[in-house]
Structures are given as C-alpha cells and as structure tokens.
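A.B. asks:
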Ligand code: DC
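Residue numbers (my numbering): 133 to 356.
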C-alpha cells in the first residue's frame, strides 16, 4: 500500500495530537508533533534569558538548538540538545510565550526545513497550524479539526491536571483564545484551513469516532 502523509491542523487544544497519535499507531506511521518544536525553541529562549524580539539574538541561538523525538515505553518524547524536555514544554510559562515566538520567520524557516526532512519518506502523521498549507502542501489527506471553545478549555485543563500542572480554568481559556488569535493573524504562515482540507468538528465526537472517520479518509487515499 502507498504510504501517505496525513496533515492535521487546527486551533489550540482541539485534540489534534490525540488524533494524530492514534492514527500514526493504527497506520504504523511516524508521528510529528510540530508544536513541540516551537515549544522547545521557546523553552530555550526562556531558560537562557534571551530576548527573542531581537533578530540577532534569534539568529545566533537557532543553530544551538537541536530537537529530536524518541519513543520511550510507547510514549513520544521531545528532546532538546540531548535532554528530555517533554514535561517542561507543556508548562504554562512556555504556552504563554510560544505563539509570539512562532511568529518569528527565522524560527519558522528552521523548523519547517526539519519537518520537511522528517516527511521525506512519507508514512507520517503531522499536526500543527501550517502542516497542510506550508509544510506538506502535497499531503494526500488534510484534516482541519475544530471544537467548541469551552470543550477545548476543559480538555486542556484536564490534560494539565493529569500532568500534575495546576492551572486556573479561566487562565487556560484566556491562553487558548490569545494563542488562537496570534496563530491565525500572524503574517508568516498563519493558521488557516487549506482549500483541500476536510473539516472535522469533534465537539460531540468520541475519540474512537473521530479516529474511525479519519482512518476511513486515510485508507481511501491509499491506492494499492
Ligand atoms: O500544538 P501546540 O499547542 O503544542 O503548539 C504550540 C504553539 O506552536 C502554537 O500556539 C503555535 C505554534 N505552532 C505553529 O506556529 N505552527 C505549527 N505547525 C505548530 C505549532
């Protein structure tokens, strides 16, 4: 069967990574969490007390940031410069800065270049904001996920709690709204539905239902 690329885009906390991971598992494909890469860069700037609004600082820092993914005990883990940063990149302090960092063209160029390399052999499910429009415009399947804002907030709040991160529900919602606003209005590669993307609203869908719908779409695009 032909190995395809599945591109999943959408607003923050729509369940993109849940769907992408489940699809990758079912199809025996690699999973690319592009948001984790922008989070890693953000963590680097914060931990090194670097001013990311200064283009010279950003240019000097980017070559020092090496990101890779590993699967450990069935879990996807993000590594930066050899260190497992999977937990740190999910913290609120990173969530608060990641959208402004993602507007920087030099950062996007560096990340997109690496992401394209990861998809060279196809057989990959990637999620993010510009996957179907910029990273893999030739993806065989593009899904644009949406869900009601309150439902997204509660999902994100629960996810943080499960990771031992105690955040205020309203603060989580404010962060989602703010990130959606910045992500969809930035000049470079804003979040937007690709013309050929299929919209799935999962507000009232179970994880199994959205997986089933998406796998059906994927299999339709895999000629023997
Ligand atoms: O998917 P996430 O919430 O972990 O992504 C974090 C941020 O990274 C998101 O607010 C915007 C940015 N991002 C991006 O600009 N482009 C992508 N392809 C993925 C994420």
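Every residue gets a Cβ at the ideal spot worked out from N, C-alpha and C, and that includes glycine.
Could you check whether the stretch 145-154 touches the stretch 329-348, counting it as contact only if at least three pairs of C-beta atoms, one from each stretch, sit closer than 8 Å?
C.D. replies: yes
A.B. asks: Please classify residue 264 as buried or exposed, where buried requires at least 16 other C-beta atoms within 10 Å of its C-beta.
C.D. replies: buried
A.B. asks: Consult DSSP for residue 225 and reduce its assignment to one of helix, strand or coil.
C.D. replies: helix
A.B. asks: Straight-line CA distance for residue 178 to residue 219?
C.D. replies: 15 Å
A.B. asks: By DSSP's criteria, residue 260 is part of a beta bridge. Which residues make up the other side?
C.D. replies: 141
A.B. asks: At what residues does the beta strand (DSSP E) containing residue 277 begin and finish?
C.D. replies: 273-278
A.B. asks: Name the two residues that bound the continuous alpha helix (DSSP H) containing residue 202.
C.D. replies: Segment 199-204 is the beta strand (DSSP E) holding residue 202; no alpha helix (DSSP H) there.
A.B. asks: On the DSSP bridge list, what partners appear for residue 324?
C.D. replies: DSSP output for residue 324 lists no bridge partner at all.
A.B. asks: Identify which residue in 136, 301, 141 and 154 has its Cα closest to the Cα of residue 278.
C.D. replies: Ranking the options by Cα distance to residue 278, first place goes to 141.
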